[in-house]
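Since the structure comes first, as structure tokens, the remarks are kept for the end.
2 protein chains.
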Amino acid sequence: MSKPPATASEADPTGLDTEIAMLFPEVDSDVARRLIGSAMHAFAERGYHATTTRHISEGAGLSPAALYVHFKSKEAALYAVSRSGHLGVLDAIRAAADEESTPPDRMRAVVRAFTTWHVRYHTACRVAQYEIAALTEEHYAEIADIRRDTEQFVRREIQAGVDSGDFTVPAVATAARAILSMGIDVARWYQPGRSTDPDLLATQYAELAASMLGVRPGR
Amino acid sequence: MSKPPATASEADPTGLDTEIAMLFPEVDSDVARRLIGSAMHAFAERGYHATTTRHISEGAGLSPAALYVHFKSKEAALYAVSRSGHLGVLDAIRAAADEESTPPDRMRAVVRAFTTWHVRYHTACRVAQYEIAALTEEHYAEIADIRRDTEQFVRREIQAGVDSGDFTVPAVATAARAILSMGIDVARWYQPGRSTDPDLLATQYAELAASMLGVRPGR
Numbered sequence: 557m558s559k560p561p562a563t564a565s566e567a568d569p570t571g572l573d574t575e576i577a578m579l580f581p582e583v584d585s586d587v588a589r590r591l592i593g594s595a596m597h598a599f600a601e602r603g604y605h606a607t608t609t610r611h612i613s614e615g616a617g618l619s620p621a622a623l624y625v626h627f628k629s630k631e632a633a634l635y636a637v638s639r640s641g642h643l644g645v646l647d648a649i650r651a652a653a654d655e656e657s658t659p660p661d662r663m664r665a666v667v668r669a670f671t672t673w674h675v676r677y678h679t680a681c682r683v684a685q686y687e688i689a690a691l692t693e694e695h696y697a698e699i700a701d702i703r704r705d706t707e708q709f710v711r712r713e714i715q716a717g718v719d720s721g722d723f724t725v726p727a728v729a730t731a732a733r734a735i736l737s738m739g740i741d742v743a744r745w746y747q748p749g750r751s752t753d754p755d756l757l758a759t760q761y762a763e764l765a766a767s768m769l770g771v772r773p774g775r
Numbered sequence: 557m558s559k560p561p562a563t564a565s566e567a568d569p570t571g572l573d574t575e576i577a578m579l580f581p582e583v584d585s586d587v588a589r590r591l592i593g594s595a596m597h598a599f600a601e602r603g604y605h606a607t608t609t610r611h612i613s614e615g616a617g618l619s620p621a622a623l624y625v626h627f628k629s630k631e632a633a634l635y636a637v638s639r640s641g642h643l644g645v646l647d648a649i650r651a652a653a654d655e656e657s658t659p660p661d662r663m664r665a666v667v668r669a670f671t672t673w674h675v676r677y678h679t680a681c682r683v684a685q686y687e688i689a690a691l692t693e694e695h696y697a698e699i700a701d702i703r704r705d706t707e708q709f710v711r712r713e714i715q716a717g718v719d720s721g722d723f724t725v726p727a728v729a730t731a732a733r734a735i736l737s738m739g740i741d742v743a744r745w746y747q748p749g750r751s752t753d754p755d756l757l758a759t760q761y762a763e764l765a766a767s768m769l770g771v772r773p774g775r
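Listed in order, the protein sequences are those of chains A and G. Using our numbering, the first residue of the first sequence is number 557, and each one after it goes up by one. Using our numbering, the first residue of the second sequence is number 557, and each one after it goes up by one.
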């Protein structure tokens, strides 16, 4: 078995561009987008600490110091990716839940959206999850708050289903952890073009989560 | 919120030593153990590519070239950690399953052992999971084979439960993925002394997995 490409951009050169355009809709400068893309690719490929500002600038086809036109530092680029990724997925699962009414349907929608997010933005998610320790204290605290909001949101959704009698799971907080882990870990193992179809995966994960929470068939 | 320590060794200086003694029982040289520990710590802390052989040697309190007395290269140290970690967890879940007879009890034992492993060896697991792309083609292929064996083992256990009528899950391969992801992701989020009690977590994960597979209460 040969090694899979480390990031989407090797397998599909346009995949990363799409990720960036969707993750950073407010960035309208082509140069800034190229820098973010180059930073995400480098952080995912070699890790934050082994990436230099020169790698990022040159990976974007720019002069060595070009990063500083758009970002104060290498850490600022990591923070931008982490913040957009974490806020984006929280918005996505809230919006998905709001489309449904019963606790089982809301939870299925949350898991589908969470799984789809980690497939679609797997490069950004890898960086956001595995390089988070490199953020400054202040930036780390901000990301930790968003993560806590995300976890609290899922816990409240589970608790609502327990209260309504739709779910029977006794360990609400641990179940929230498990459901989030299933989705987060997708960013680690997902290989574009070589893994399960994303829509099928998202639907299967939604049913597995419902079953884990004790939803009876047909609910 | 302040940043948690990146690895067990900062929070508990003796924790890493225990990990190493248990992961590498065949290594009886104190110097070799210190080198493996230093390598694991550095890879987990700053990433493989940002770690130099000098970091590893000096982290073990040795002269810059000391690594080469025990390892051919930096990659050889990564391979040693990855191989021990991956083989160890496969042995652990096989042994756990063999203690039980019915498919639900076997699966609970597998999930308990898998979860406990990722708590106990969370530093080694982070390195083994997140730095795997840095292995040589040959070493990567060997680790990929062990991972495939692990996944196949879990799939067969689930299929046995479906065949016996104990499990009702329709998507066997995806369920195996989800159960492995729950456990693997523990190595990412687990913080010694700040997270759920490991035994409670392992038991709760075992019940969540059983429920996910459609085991009826009491089975």
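All C-beta atoms in this analysis are idealised placements derived from N, C-alpha and C, irrespective of residue type, glycine included.
What is the DSSP secondary structure of residue i, reduced to helix, strand or coil?
| i | result |
| --- | --- |
| Tyr624/G | helix |
| Gln760/G | helix |
| Leu572/A | helix |
| Gln747/A | coil |
| Ala648/A | helix |
| Thr609/G | helix |
| Tyr686/G | helix |
| Ser720/A | helix |
| Asp654/G | helix |
| Asp741/A | helix |
| Glu582/A | coil |
| Ala616/G | coil |
| Arg733/A | helix |
| Ser594/G | helix |
| Pro754/A | helix |
| Arg772/A | coil |
| Val666/A | helix |
| Gly641/G | helix |
| Tyr677/A | coil |
Within 10 angstroms of its Cβ, does residue i collect 16 or more other Cβ (buried), or is it exposed?
| i | result |
| --- | --- |
| Glu763/A | buried |
| Glu601/G | buried |
| Glu575/G | buried |
| Asp701/G | exposed |
| Asp586/G | exposed |
| Leu756/A | exposed |
| Met663/G | buried |
| Glu694/A | exposed |
| Met768/A | buried |
| Gly749/A | exposed |
| Ala636/G | buried |
| Ala651/A | exposed |
| Ala595/A | buried |
In whole angstroms, what separates the C-alpha of residue i from that of residue j?
| i | j | result |
| --- | --- | --- |
| Thr609/A | Tyr761/A | 39 Å |
| Ala689/A | Thr679/A | 17 Å |
| Thr658/G | Arg589/G | 40 Å |
| Gln715/A | Ala616/G | 48 Å |
| Pro660/A | Ala653/G | 32 Å |
| Ala606/A | Ser720/G | 51 Å |
| Glu656/A | Ala665/A | 7 Å |
| Glu582/G | Ser638/G | 15 Å |
| Cys681/G | His674/G | 6 Å |
| Val625/G | Leu579/G | 20 Å |
| Ala577/G | Asp647/G | 17 Å |
| Ser751/A | Gln708/A | 30 Å |
| Asp753/A | Arg712/A | 30 Å |
| Ala766/A | Val718/G | 18 Å |
| Gln685/G | Tyr677/G | 12 Å |
| Arg772/A | Phe599/G | 45 Å |
| Glu687/G | Glu698/G | 15 Å |
| Thr706/G | Tyr696/G | 15 Å |
| Lys603/G | Tyr604/A | It should be noted that the sequence gives Gly, not Lys, for residue 603/G. C-alpha separation (whole angstroms): 8 Å. |
Using C-beta distances below 8 Å, list every residue in its chain close to residue i, excluding the 5 sequence neighbours before and after it, in chain order.
| i | result |
| --- | --- |
| Thr759/A | Arg668 |
| Gly770/A | Phe723, Thr724 and Val725 |
| Val710/G | Ile649, Val666, Ala732, Ile735 and Leu736 |
| Ser565/G | Confidence at Ser565/G is low in this model, with a pLDDT of 44, below 50, so the placement of that residue is unreliable and no value is reported for it. |
| Leu591/A | Ile612, Ser613, Ala616, Leu618, Ala622, Leu623, His626, Phe627 and Ala633 |
| Asp584/A | none |
Leaving out the 5 sequence neighbours to the left and right, which residues in its chain are closer than 6 Å to residue i when beta-carbon positions are compared?
| i | result |
| --- | --- |
| Ser613/G | Pro620, Ala622 and Leu623 |
| Val545/A | Nothing in the structure corresponds to residue 545/A, since chain A is present only between 557 and 775. |
Excluding the 5 residues flanking residue i on each side, which residues of the same chain have their C-beta closer than 7 Å to its C-beta?
| i | result |
| --- | --- |
| Thr671/G | Gly739, Val742, Leu757, Ala758 and Tyr761 |
| Arg775/A | Pro660 and Asp722 |
| Arg704/G | none |
| Thr692/A | Glu631 |
Notebook entry, point to check: Is it true that the segment 617 to 632 of chain G meets the segment 718 to 737 of chain G, where meeting means three or more beta-carbon pairs spaced less than 8 Å apart?
Noted result: no
Item checked: Meets three-Cβ-pair contact criterion under 8 Å: the segment 637 to 644 of chain G and the segment 739 to 748 of chain G -> no
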